[in-house]
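Engineer: Chains as they are written, first to last, in our numbering: chain A, 1 to 204; chain B, 1001 to 1204.
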């Protein structure tokens, strides 16, 4: 059976990808997987950087993603800096999602519609060792509200209301969020093309 | 003698403008001048907003400016949010320049040249009551260094090195800074056109 490594240690993400890819054995990162700094200036570049490193380390086809929030009034920032918008953190820093979100709300305090428009973006990369490289992109458009609502999701979910809904992505069920989210869109697009790319005849 | 109001309470700025404009009496804001929120999405818009408010309040030609720092790796931000990049402050908050600067350095911690490129921009507006409106723009290009240097200037000066120099704008003398700064360029350009605009024959 063809195997594929997903650049995550999140078991939920592995199960979800496995559900999208019948006929492919999906595994996550092992304890010895390399830490890959996100040094590229684009989501696509960082996703590729991670997928290449994991493919090289494991010798298996690897999938990695990079995601972020792009806000109109901030010229598309926090962007690739979304996870460290309010500064660098140690892994043990509590509430870093909240610190990032509070800073964003503060920066937008005097900003009115329509400049509170925003989108989440996910670039998902597939790298086959010695073979193909593919990147697909998913986006979810919406706007930033004034104060957090909801308990689900993570990151900026409590202040993001997707177009066509009145709830924040924190207030959606996981299934509802997956159906419209940037990450859901990108991973389903990648899942569409993976079986053909991993077919034995395509491999060196 | 023709009079002009400069939208500032900084006596140094008034003296500097007076030096540039012989034949025009330059005054600053009085204690009853309106506070004008900077609600426009552009430097030009905010400068005009302030100049219009002061011209309407005083009945005199008014000059106002809006300035900020635009960093390549942040898609041109902090931009119009430069003065409140790390959040809203009360007027009494100490060290807000330092808080903004520390956040910027943290956000750029993993960013290498040439993406540390940046420029200061100043939009300076002149509004003649019932008459002309003009906006001119000045820029100073350079880059953001890793750690602050120098004690002069204010804001992001300690981390900005202008092109053609090795010193930060904090390490330049006031005269050296004025000669190349975004604000110096914009105000000199405005001073060039003010005498003609304020000549009696041009006034309704």
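Every residue, glycine too, gets a C-beta built ideally from N, C-alpha and C.
Predicted model only: the values in this text are computed from it and were never measured.
Buried or exposed for residue 1094 of chain B, going by 16 or more other Cβ atoms inside 10 Å?
Structural biologist: Residue 1094 of chain B should be labelled exposed.
Engineer: Near residue 50 of chain A, what residues of its chain come up, given a Cβ to Cβ distance below 6 Å and the 5 sequence neighbours on each side ignored?
Structural biologist: Hits under 6 Å: 7, 36, 64.
Engineer: Please confirm whether residue 101 of chain A has its beta-carbon closer than 8 Å to some beta-carbon of chain B.
Structural biologist: False, the Cβ-Cβ gap to chain B never drops below 8 Å.
Engineer: With distances taken Cα to Cα, identify the nearest neighbour of residue 1028 of chain B among B/1199, B/1015, B/1102.
Structural biologist: The residue with the shortest Cα to Cα distance from residue 1028 of chain B is B/1015.
Engineer: If you pair each beta-carbon of the stretch 100-109 of chain A with each one of the stretch 172-185 of chain A, do three or more pairs fall below 8 Å?
Structural biologist: The stretch 100-109 of chain A is not in contact with the stretch 172-185 of chain A.
Engineer: Between the C-alpha atoms of residue 1075 of chain B and residue 74 of chain A, what's the straight-line distance to the nearest angstrom?
Structural biologist: For residue 1075 of chain B and residue 74 of chain A, the distance between alpha carbons rounds to 8 Å.
Engineer: Hey, residue 1101 of chain B and residue 1161 of chain B: beta-carbon distance below 8 Å or not?
Structural biologist: No, these two residues do not count as a Cβ contact at 8 Å.
Engineer: Between the Cα of residue 199 of chain A and those of A/131, A/124, A/54, spot the shortest distance and give me the residue it belongs to.
Structural biologist: When each option's Cα is compared against that of residue 199 of chain A, the closest is A/131.
Engineer: Please classify residue 1154 of chain B as buried or exposed, where buried requires at least 16 other C-beta atoms within 10 Å of its C-beta.
Structural biologist: That one is exposed.
Engineer: With the cut-off set at 8 Å, would you say residue 43 of chain A and residue 66 of chain A are in Cβ contact?
Structural biologist: Yes, Cβ-Cβ distance for residue 43 of chain A and residue 66 of chain A is below 8 Å.
Engineer: In terms of residue numbering, what span does the alpha helix (DSSP H) encompassing residue 185 of chain A cover?
Structural biologist: Taken as a continuous stretch (DSSP letters only), the alpha helix (DSSP H) holding residue 185 of chain A covers 182-198.
Engineer: Who are the neighbours of residue 1034 of chain B on chain A, taking C-beta pairs under 9 Å?
Structural biologist: Within 9 Å Cβ-Cβ: nothing; residue 1034 of chain B doesn't reach chain A, min ~17 Å.
Engineer: Any residues in the stretch 57-88 of chain A with a beta carbon nearer than 8 Å to a beta carbon of chain B? Which ones, in chain order?
Structural biologist: Correct list: 73, 74, 75, 76, 77, 79, 81, 84, 85, 86, 87, 88.
Engineer: Cutting at 8 Å between CB atoms, please list the residues of its own chain near residue 21 of chain A, excluding the five before and the five after it.
Structural biologist: Here the set comprises 4, 191, 194, 195.
Engineer: Residues of chain A with a CB under 7 Å from the CB of residue 1158 of chain B: which are they?
Structural biologist: Ordered by position in chain A, no residue passes the 7 Å Cβ test against residue 1158 of chain B, which lies about 18 Å from the chain.
Engineer: Is there a Cβ from chain B that is less than 8 Å from the Cβ of residue 109 of chain A?
Structural biologist: Output row for residue 109 of chain A: interface = yes.
Engineer: Taking only runs that begin and end inside the stretch 49-103 of chain A, name each unbroken beta strand (DSSP E) of 3 or more residues, in chain order.
Structural biologist: Taking only runs of at least 3 residues, the beta strand (DSSP E) segments lying wholly in the stretch 49-103 of chain A are 62-71.
Engineer: Between which two residues does the beta strand (DSSP E) holding residue 953 of chain B run?
Structural biologist: Coverage of chain B is limited to positions 1001 through 1204, which leaves residue 953 of chain B absent and any answer about it impossible.
Engineer: Tell me which residue opens and which closes the beta strand (DSSP E) that residue 12 of chain A is part of.
Structural biologist: Here residue 12 of chain A belongs to no beta strand (DSSP E); instead the alpha helix (DSSP H) covers 11-20.
Engineer: I want to see whether chain B comes within less than 8 Å of residue 151 of chain A, judged by CB atoms only; does it?
Structural biologist: Chain B contact via Cβ: absent.
Engineer: Thinking C-beta only, is residue 55 of chain A closer than 8 Å to residue 136 of chain A?
Structural biologist: No; because the gap between Cβ atoms is not below 8 Å, this pair is not in contact.
Engineer: Using a cut-off of 8 Å between C-beta atoms, extract the partners of residue 1037 of chain B located in chain A.
Structural biologist: Ordered by position in chain A, the residues that pass the 8 Å Cβ test against residue 1037 of chain B are 110.
Engineer: So that I know if they touch, is there some Cβ in chain B lying closer than 8 Å to that of residue 148 of chain A?
Structural biologist: Closer than 8 Å: no.
Engineer: The beta strand (DSSP E) that contains residue 25 of chain A, what's its start and end?
Structural biologist: 24-27 is the extent of the beta strand (DSSP E) around residue 25 of chain A.
Engineer: Using DSSP bridges, identify the partner residues of residue 1117 of chain B.
Structural biologist: DSSP, once it has assigned bridges, lists B/1143 as partnering residue 1117 of chain B.
Engineer: Just by C-beta distance, which residues in the stretch 1111-1124 of chain B are closer than 9 Å to chain A?
Structural biologist: So the close ones are 1111, 1112, 1115.
Engineer: Looking at the C-beta of residue 1097 of chain B, does it have a partner C-beta in chain A at a distance below 8 Å?
Structural biologist: Output row for residue 1097 of chain B: interface = no.
Engineer: For residue 1202 of chain B, count neighbouring Cβ atoms within 10 angstroms of its own Cβ and tell me buried if that reaches 16, exposed if not.
Structural biologist: Note that residue 1202 of chain B has pLDDT 46, beneath the 50 cutoff, so the model's placement of it is unreliable and the number below is only indicative. Classification of residue 1202 of chain B: exposed, given that the 10 Å Cβ count is below 16.
Engineer: Going by Cα to Cα distance, which pick from A/151, A/186, A/164 is closest to residue 173 of chain A?
Structural biologist: Checking every option, the nearest Cα to that of residue 173 of chain A belongs to A/151.
Engineer: Quick one: give me the first and last residue of the beta strand (DSSP E) that residue 1003 of chain B is part of.
Structural biologist: 1002-1006 is the extent of the beta strand (DSSP E) around residue 1003 of chain B.
Engineer: Which of helix, strand or coil does DSSP assign to residue 162 of chain A?
Structural biologist: Residue 162 of chain A: strand per DSSP, three-state reduction.
Engineer: Cα separation between residue 1023 of chain B and residue 1058 of chain B?
Structural biologist: Going by the C-alpha atoms only, they are around 20 Å apart.
Engineer: Looking at the structure shown, is residue 126 of chain A part of a helix, part of a strand, or coil, going by DSSP?
Structural biologist: Reduced to three states, the DSSP call for residue 126 of chain A is strand.
Engineer: Whole angstroms is fine: what's the gap from residue 1032 of chain B's alpha carbon to residue 1017 of chain B's?
Structural biologist: The straight-line gap from Cα to Cα measures roughly 22 Å.
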